[in-house]
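Here's the structure, in structure tokens; my notes come after.
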Amino acid sequence: MKVAVITRHAITNYGSLLQAIATQHLVESFGHTCEVIDYILLETIILGGESYLRIKKEAIISSVL
Numbered sequence: 139m140k141v142a143v144i145t146r147h148a149i150t151n152y153g154s155l156l157q158a159i160a161t162q163h164l165v166e167s168f169g170h171t172c173e174v175i176d177y178i179l180l181e182t183i184i185l186g187g188e189s190y191l192r193i194k195k196e197a198i199i200s201s202v203l
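Laid out in structure tokens, this is it:
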């Protein structure tokens with residue numbers, strides 16, 4: 139079964155990102171495929187924060203995995 143989780147983890151909060159990764163791993167441990175959909179507010183994109191958050195998120199994911 140394919141499971142999609144919508145979350146808002148591209149914010150300046152490491153805990154929300156770690157929770158999204160943990161949720162994905164838990165769902166996959168049950169034998170399902172999991173896709174995490176990062177909900178980004180329009181205001182974040184307009185203010186230019188998206189690129190900073192994406193770089194930070196990729197750095198954290200690579201250090202966790």
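Last residue of the sequence shown: 203 (this note's numbering), numbering continuous. Backbone N, C-alpha and C fix where the C-beta goes; we use that ideal spot for every residue, glycine too. Fair warning: this is a prediction, and the values are worked out from it, not measured in the lab.
- Beyond the five residues adjoining it in sequence on each side, Ala-160 comes within less than 6 Å, by CB distance, of no other residue in the same chain.
- By the CB criterion at 8 Å, Ala-158 and Val-174 fall inside the cutoff.
- In the three-state reduction of the DSSP assignment, Ile-178 falls in the coil class.
- Counted as a single uninterrupted DSSP element, the alpha helix (DSSP H) harbouring Gly-153 occupies residues 152-167.
- Here the C-alpha atom of Leu-155 lies approximately 13 Å from the C-alpha atom of Ile-178.
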